[in-house]
Amino acid sequence: MKLTAPPLLLLLSACVVGGALWPKALWQFGKIIQCAQPGVNPLLYNDYGCWCGIGGKGTPRDEVDLCCKVHDKCYETSRKTPGCTAIADLPYVLVYNFTCSNKQVACSATNNKCQAAVCECDRAAAHCFARSPYNPENKDLDLKVHCVN
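Below, the structure written as structure tokens:
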């Protein structure tokens with residue numbers, strides 16, 4: 077298949093926009109985690125259990141892993157929020173506004189519907205992490221061994 081200039085330009089624009097926003101959106105989730113748990117490295121939750129990180133399957137290993145499964149399902153629901161545009165509704169690239177006070181995250185009323193939905197997913201996950209015990213043995217599991225259905 078040969079792409080002509082307009083479709084190719086659209087594809088490249090989507091890649092550039094997605095690439096530019098992705099780190100900031102993930103950075104925001106990290107900041108929300110740090111709000112709920114000051115001093116905690118948010119990367120501790122990446123590649124944790126069967127659900128924390130890209131993708132997810134199997135039975136959650138513990139409460140933290142269940143927080144991630146709920147977060148993933150929340151992101152799936154947020155993508156169906158009416159009013160979200162085709163490219164901007166991807167939860168991993170959405171940038172939103174929030175405030176942090178006394179370990180509590182508040183999503184801004186200035187967020188649009190899609191931003192508000194994603195912010196709420198991240199807020200709920202961060203507070204879930206904060207109340208759940210972290211087990212270092214569940215970090216960097218072999219998913220093919222430990223996360224089968």
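Read the sequence shown against this note's numbering and you will find it ends at 225, with the numbers running on by one and no gaps.
Just so you know, even glycine gets a beta-carbon here, dropped at the ideal spot from N, CA and C.
As the structure is a computational prediction, the values presented were derived from the model and not from experiment.
Going by C-alpha positions, residue 171 is about 12 angstroms away from residue 184. Between the alpha carbons of residue 224 and residue 134 lies a gap of roughly 5 angstroms.
The beta carbon of residue 141 sits closer than 7 angstroms to the beta carbons of 124, 125, 126, 127, 128, 214 from its chain, once the five residues preceding and following it are set aside; these are given in chain order. Residue 223: not part of any alpha helix (DSSP H); DSSP gives it neither H nor E. Excluding sequence positions up to five before and after residue 193, its CB lies within less than 6 angstroms of the CB of 154, 157, all in the same chain and listed in chain order. Just so you know, the alpha carbons of residue 116 and residue 189 end up roughly 29 angstroms apart. Residue pairing by DSSP puts residue 215 in a beta bridge opposite 124. Sixteen is the threshold: since fewer than 16 other Cβ atoms of the shown chains lie within 10 Å of the Cβ of residue 182, the residue is exposed.
Sequence-distant Cβ neighbours of residue 160 in its own chain, meaning closer than 6 angstroms and more than five residues away, are 190. Residues of the same chain with a CB within less than 8 angstroms of the CB of residue 136, apart from the 5 flanking positions on each side, are 125, 126, 127, 142, 144, 145 in chain order. Contact between residue 150 and residue 111 does not hold, since their C-beta atoms are separated by about 18 angstroms, which reaches or exceeds 8 angstroms.
Per DSSP, the continuous beta strand (DSSP E) segment holding residue 180 begins and ends at 180-183. Cβ contact annotation for residue 187 (same chain, cutoff 7 angstroms, sequence separation greater than five): 172, 173, 195, in chain order.
Out of 220, 175, 130, the CA that lies nearest to the CA of residue 152 is found in 130.
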